[in-house]
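*Asks:* Before anything else, here's the structure in question.
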Amino acid sequence: MKRTSWLFLIPVLLFSLIANYSAQAQQRKGWSPQGKGAAIGGAAGILGGALINKRNRAVGGLIGGAAGAGIGYGVGKHIDNKKKKAAALAAERAAANERIAAANARAATAERRAAEERQIAAERSATARPAMGVATAATAAGAGVVAAQAFAPSTPPSTVIAAGYLPNPQYGQAGTAYPGSPVLRKSW
Amino acid sequence: MKFYLPLVCAAALLASCSGNKDNASTSGAAPAATSNASVADLDQQFLSAWNNKDAAKASALLADDVQFLQGETRFSGKSEVMNKWITPTISTISSLKTSVVSSGNDANTAYEAGTFSVDVLPTATDNTAGVGEGNFIFLWKKGGDGNWKLSYAQLEDLPVQVKK
């Protein structure tokens with residue numbers, strides 16, 4: 001009993017060590033799940049093996065420890081894989097959201113610039129018409145506003161391409177998905 | 189022997205306590221990945237049809253009364269969706285990928301929603317390649333014959349960037 005009692009102390013010490021270490025190491029890097037699983041499995045295996053094999057507790061402890069460590073490592077590896085998978089998924093989602101937010105911001109800037117260009121073009125046409133004597137200033141201004149609102153320029157503003165976006169070939173065409181957008185939006 | 193039993197019990201208790209935090213942190217993501225197997229498979233079939241430019245396969249997955257919404261367009265019925273969305277678009281894109289944000293399924297309906305990205309191929313008039321992104325939702329319904337069909341699809345496209 002005196003000799004075998006040491007065998008029982010090993011897993012107890014291991015368990016306490018792991019418990020203490022993992023509690024303290026929450027803030028630091030800590031053990032890998034595989035290491036932790038192997039240690040816990042090994043400790044449990046030593047304990048179980050020594051308890052089951054009463055004739056030779058040392059051999060029982062050794063076999064149990066080895067088997068327990070192996071199983072523990074496997075369980076730890078499984079947990080680690082799950083963690084990594086979840087982290088990769090979260091990172092992918094975050095990256096997609098960032099990309100979309102950045103694209104939205106750039107698109108808003110491009111559309112604002114295009115609207116400014118349209119407005120400038122409308123103002124120019126409004127000021128040009130009275131000089132030609134075709135209409136009064138009031139009707140020319142009204143026509144300019146209508147021109148600014150309608151989606152009928154022959155080509156999308158050049159700033160669209162300069163900003164890194166494809167132009168919308170269906171700009172101003174009714175019955176299309178995004179007739180009001182000078183940049184191409186419909187991809188899929 | 190009896191002397192060590194409380195020690196063993198205490199050690200086992202401590203060890204099990206320290207392991208629970210890890211389990212709690214991982215259990216949140218696991219069900220999302222495993223519980224949507226059937227709808228993920230349906231969407232993969234549909235995406236494969238697009239990536240293989242197989243319009244017939246895509247058509248076979250549509251319900252007769254399928255609804256398709258995109259921007260200002262609303263297409264209703266299999267033939268309109270085929271003629272106005274799938275057929276004109278399937279040859280203009282490649283490398284269609286989705287990233288699922290939310291999904292679910294029960295006995296008769298299943299949905300998947302998230303973001304997509306796709307390469308826009310150069311055309312005869314514009315030889316610039318682009319990269320498109322956007323949001324999507326697909327709603328699948330089980331028909332009377334037990335086959336799942338796409339019943340509702342909605343796309344929200346973001347501006348297509350020039351591919352670098």
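These protein sequence lines map, in sequence, to chains G and B. Residue numbers 1 to 188, in this note's numbering, belong to the letters of the first sequence in order. Residue numbers 189 to 352, in this note's numbering, belong to the letters of the second sequence in order. Where is the CB? At the ideal position from N, CA and C, for every residue including glycine. All figures in this text were calculated on a predicted structure; none of them were measured in a lab.
1. B:Trp328 lies in the beta strand (DSSP E); which residues open and close that run?
2. Does the stretch 56-64 of chain G come close enough to the stretch 86-101 of chain G that 3 or more CB-CB pairs lie under 8 Å?
3. Across the stretch 67-83 of chain G and the stretch 32-40 of chain G, are there enough close Cβ pairs to call them in contact, namely three or more that are closer than 8 Å?
4. Taking 8 Å as the threshold (beta carbon to beta carbon), is G:Thr176 in contact with chain B?
5. Does any C-beta atom of chain B lie closer than 8 Å to the C-beta of G:Gly164?
6. Could you pull out every residue in the same chain whose Cβ sits closer than 8 Å to the Cβ of B:Asn239, ignoring the five residues on either side in sequence?
7. Between the Cα of B:Asp307 and the Cα atoms of G:Asn56, G:Lys186, G:Gly42, which residue gives the shortest distance?
8. Quick one: which chain B residues come within Cβ less than 7 Å of G:Ile100?
9. Would G:Arg192 be called buried (16 or more neighbouring beta carbons within 10 Å of its own) or exposed?
10. Go ahead and label B:Thr286 buried or exposed: buried means 16 or more other beta carbons lie within 10 angstroms of its beta carbon, across all protein chains shown.
11. Is the distance from the Cβ of B:Gln233 to the Cβ of B:Tyr340 below 8 Å?
12. Within the stretch 28-91 of chain G, note down every full alpha helix (DSSP H) run reaching 4 residues or more, in order along the chain.
13. Please classify B:Lys241 as buried or exposed, where buried requires at least 16 other C-beta atoms within 10 Å of its C-beta.
14. For the stretch 274-290 of chain B, which residues have a CB atom closer than 8 Å to at least one CB atom of chain G, in sequence order?
15. Taking the straight line between their C-alpha atoms, what separation do you get for G:Lys85 and G:Ile10?
16. So, with DSSP's three-state summary, where would you put B:Leu338?
17. At a CB-CB cut-off below 8 Å, which residues of chain B make contact with G:Glu92?
18. Check the Cβ of G:Ala96 against every Cβ in chain B and list those closer than 7 Å, keeping chain order.
19. Buried or exposed: which applies to G:Ile120, given that a residue is buried once 16 or more other Cβ atoms fall within 10 Å of its Cβ?
20. So G:Ser32 contacts chain B; which residues on that side make the cut at Cβ distance below 9 Å?
21. Got a sec: is the Cβ-Cβ distance from G:Lys77 to anything in chain B below 8 Å?
22. Identify, in the order they occur along the chain, each residue of the same chain with its Cβ nearer than 7 Å to the Cβ of G:Leu51, setting aside the five sequence neighbours on each side.
23. Beta carbon of G:Leu223, beta carbon of B:Pro347: below 8 Å?
24. Applying a beta-carbon distance threshold of less than 9 Å, which residues of chain B neighbour G:Pro104?
25. Whole angstroms are fine: how far does the CA of B:Gly318 sit from the CA of B:Ala221?
26. Evaluate the contact criterion for the stretch 319-333 of chain B versus the stretch 289-298 of chain B: three or more CB pairs, one atom per stretch, below 8 Å.
27. Just tell me which of B:Gln349, B:Val350, B:Leu343 has its CA closest to the CA of B:Trp273.
28. Residues of chain B with a CB under 7 Å from the CB of G:Arg118: which are they?
29. Roughly how many angstroms separate the alpha carbons of G:Gln173 and G:Pro179, rounded to a whole number?
30. Alpha carbon to alpha carbon, what distance is there between B:Ala248 and B:Thr303?
31. Hey, G:Ala177 and B:Thr261: beta-carbon distance below 8 Å or not?
*Replies:* Let's see:
1. For the purposes of this step, residue 328 of chain B is taken as residue 140 along the second sequence, with counting starting at 1. From DSSP, the beta strand (DSSP E) with B:Trp328 extends over 318-330.
2. Under the three-pair Cβ rule at 8 Å, the stretch 86-101 of chain G does not count as touching the stretch 56-64 of chain G.
3. Short answer: they touch.
4. For this step, residue 176 of chain G is matched to residue 176 along the first sequence. At a cut-off of 8 Å between beta carbons, G:Thr176 contacts chain B.
5. Numbered from its first residue, the first sequence carries residue 164 of chain G at position 164. Closer than 8 Å: yes.
6. The sequence position of residue 239 of chain B within the second sequence is 51, counting from 1. Only Ser282, Ser283, Leu284 meet the Cβ criterion.
7. For the purposes of this step, residue 307 of chain B is identified with residue 119 of the second sequence, where counting begins at 1. Among G:Asn56, G:Lys186, G:Gly42, the Cα nearest to that of B:Asp307 belongs to G:Lys186.
8. Within the first sequence, residue 100 of chain G is the residue found at index 100, counting from 1. Thr303, Glu321, Leu346, listed in chain order.
9. In the structure as shown, chain G starts at 1 and stops at 188, and residue 192 of chain G therefore has no counterpart that could be examined.
10. Numbered from 1 along the second sequence, position 98 holds the residue referred to as residue 286 of chain B. Within a 10 Å sphere around the beta-carbon of B:Thr286 sit 16 or more other beta-carbons, which makes this residue buried.
11. Residue mapping note: residue 233 of chain B aligns to position 45 of the second sequence, counting from 1. Residue mapping note: residue 340 of chain B aligns to position 152 of the second sequence, counting from 1. Inclusion of B:Gln233 and B:Tyr340 in the CB contact set at 8 Å is not warranted, their separation being larger than that value.
12. The stretch 28-91 of chain G contains these whole alpha helix (DSSP H) runs: 33-52.
13. Counting from 1 along the second sequence, the entry for residue 241 of chain B is found at position 53. Around the beta-carbon of B:Lys241, fewer than 16 other beta-carbon atoms lie within 10 Å, marking it exposed.
14. Cβ contacts with chain G come from Thr277, Ile281, Leu284, Ser287, Val289.
15. Taking the first sequence and counting its residues from 1, one reaches residue 85 of chain G at position 85. Taking the first sequence and counting its residues from 1, one reaches residue 10 of chain G at position 10. Rounded to whole angstroms, G:Lys85 to G:Ile10 spans 35 Å at the Cα level.
16. Translated into positions along the second sequence, residue 338 of chain B becomes position 150. Here B:Leu338 carries a strand assignment [DSSP, helix/strand/coil].
17. Translated into positions along the first sequence, residue 92 of chain G becomes position 92. Within 8 Å Cβ-Cβ: Ser287.
18. The residue labelled residue 96 of chain G in the question sits at position 96 within the first sequence. Ser287, Thr303, listed in chain order.
19. Position 120 of the first sequence, counted from the start, is the residue given in the question as residue 120 of chain G. G:Ile120 is exposed by the Cβ-count criterion.
20. As a position in the first sequence, residue 32 of chain G is number 32, starting the count at 1. Result: empty, since nearest Cβ-Cβ is about 11 Å, beyond 9 Å.
21. Here the question's residue 77 of chain G lines up with position 77 in the first sequence. Between G:Lys77 and chain B, the shortest Cβ-Cβ separation is not below 8 Å.
22. The residue you call residue 51 of chain G lines up with position 51 of the first sequence. Answer for G:Leu51: no residue qualifies.
23. Lying outside 1 to 188, the shown extent of chain G, residue 223 of chain G is not represented and no answer is given.
24. Mapped onto the first sequence, residue 104 of chain G falls at position 104. A quick correction: the sequence has Asn, not Pro, at residue 104 of chain G. G:Asn104 reaches chain B at Leu346, Pro347, counting residues in chain order whose Cβ is nearer than 9 Å.
25. For this step, residue 221 of chain B is matched to residue 33 along the second sequence. For this step, residue 318 of chain B is matched to residue 130 along the second sequence. With a pLDDT of only 37 at B:Ala221, under the threshold of 50, the placement of this residue in the model should not be trusted; the figure read from the coordinates follows. Distance between the alpha carbons of B:Ala221 and B:Gly318: 31 Å.
26. Counting C-beta pairs with one atom in each stretch, the stretch 319-333 of chain B and the stretch 289-298 of chain B have three or more that are closer than 8 Å, which means they touch.
27. Within the second sequence, numbered from 1, the residue matching residue 273 of chain B stands at position 85. With distances taken between Cα atoms, B:Trp273 lies closest to B:Leu343.
28. Here residue 118 of chain G refers to the residue found at position 118 of the first sequence. Chain-ordered listing is empty here: chain B has no CB closer than 7 Å to the CB of G:Arg118, the nearest sitting near 17 Å.
29. Numbered from 1 along the first sequence, position 173 holds the residue referred to as residue 173 of chain G. Numbered from 1 along the first sequence, position 179 holds the residue referred to as residue 179 of chain G. The C-alpha of G:Pro179 is placed about 5 Å away from the C-alpha of G:Gln173.
30. Position 115 of the second sequence, counted from the first residue, corresponds to residue 303 of chain B. Position 60 of the second sequence, counted from the first residue, corresponds to residue 248 of chain B. It is roughly 24 Å from the alpha-carbon of B:Thr303 to the alpha-carbon of B:Ala248.
31. Along the first sequence, read from residue 1 onward, the residue named residue 177 of chain G stands at position 177. Along the second sequence, read from residue 1 onward, the residue named residue 261 of chain B stands at position 73. Yes, the pair counts as a contact, with Cβ atoms nearer than the cut-off.
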